[in-house]
Amino acid sequence: ATPLLSYVAGITGENAGKVLSCTNNGPLSLYSAETTRYSAGVVGLNTVGAAVKDCSNTADVINGNSGAPSYAANETYTGGIIAVNESTDVANITNSGALKIERMKTDNSAVISMGGCFGELKVALDGNNKITNSGNITWTETKNCTSTIGYALGGIAGFAKGSISGCTNFGDVTSTASGYVGGIGGAAKDAKGSRSNCVNYGNISGTGGWRTKMHRDILRYIWR
47 ATPLLSYVAG
57 ITGENAGKVL
67 SCTNNGPLSL
77 YSAETTRYSA
87 GVVGLNTVGA
97 AVKDCSNTAD
107 VINGNSGAPS
117 YAANETYTGG
127 IIAVNESTDV
137 ANITNSGALK
147 IERMKTDNSA
157 VISMGGCFGE
167 LKVALDGNNK
177 ITNSGNITWT
187 ETKNCTSTIG
197 YALGGIAGFA
207 KGSISGCTNF
217 GDVTSTASGY
227 VGGIGGAAKD
237 AKGSRSNCVN
247 YGNISGTGGW
257 RTKMHRDILR
267 YIWR
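Its first residue numbered 47, the sequence shown is counted upward by one per residue in the numbering used here.
#1: Can the beta-carbon of residue 166 be found less than 7 angstroms from the beta-carbon of residue 107?
#2: In the structure shown, what three-state DSSP assignment does residue 146 receive?
#3: Alpha carbon to alpha carbon, how far is residue 199 from residue 221?
#4: Which residues bound the beta strand (DSSP E) around residue 221?
#5: Can you look up residue 57 in the DSSP assignment and give me helix, strand or coil?
#6: Of the choices 235, 241 and 184, whose alpha-carbon is the least far from that of residue 212?
#7: Whole angstroms is fine: what's the gap from residue 86's alpha carbon to residue 247's?
#8: Going by beta-carbon coordinates alone, are residue 148 and residue 124 separated by less than 7 angstroms?
#9: Report the rounded CA-to-CA distance for residue 230 versus residue 168, giving the unit in angstroms.
#10: How would you write the range of the beta strand (DSSP E) that residue 159 sits in, first residue to last?
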């Protein structure tokens, strides 16, 4: 039977301890259709108080495929380093792998949260200029999602529930469906999701009905 939830990562699916000085060079190609999936180059879910330091990912993380018989998970959290991060004990991380979701369910519960370093960032984090992404982030679905959460793609974090500072993105962020797209963060929950001392060098583009909020926020996401 298809599992409801999965944690898939190059180093560890779920971390409640310490992941230190680790590098993933092996690509992840994920085609099953769980309800929820955490997929990342290094750690799937990094729980409160867990440490990820001095780690890097060089490999691609690909969810779903247009030629595969099944869709990617209905809720997909994908990060070059960490899919969902709940801890402030994260430092000196670098991603150069590409992130891509090629096929996904698009009903009113669908969620994509995908970022070069974090799929979803649940805490405030100061990278001290040592959190960096150079991998491209791409969403190629042509259907628009009716979900109120929708799609959030960012060079550093897809969906941020805490502030981001001291981070740099070099990767391109591309969306072909409606969603929130940004060079640093795709979407923020509220004012807690602010950005400061961050730099984006990547190209930001979308061809499929970007949400109004993205137009208002895109300049705010690409700044020092």
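Every residue gets a Cβ at the ideal spot worked out from N, C-alpha and C, and that includes glycine.
Short version:
#1: no
#2: strand
#3: 8 angstroms
#4: 219 to 221
#5: If DSSP states are grouped into helix, strand and coil, residue 57 belongs with coil.
#6: 241
#7: 23 angstroms
#8: Taking a C-beta distance under 7 angstroms as the contact criterion, residue 148 and residue 124 do not qualify as a contact pair.
#9: 15 angstroms
#10: 157 to 161
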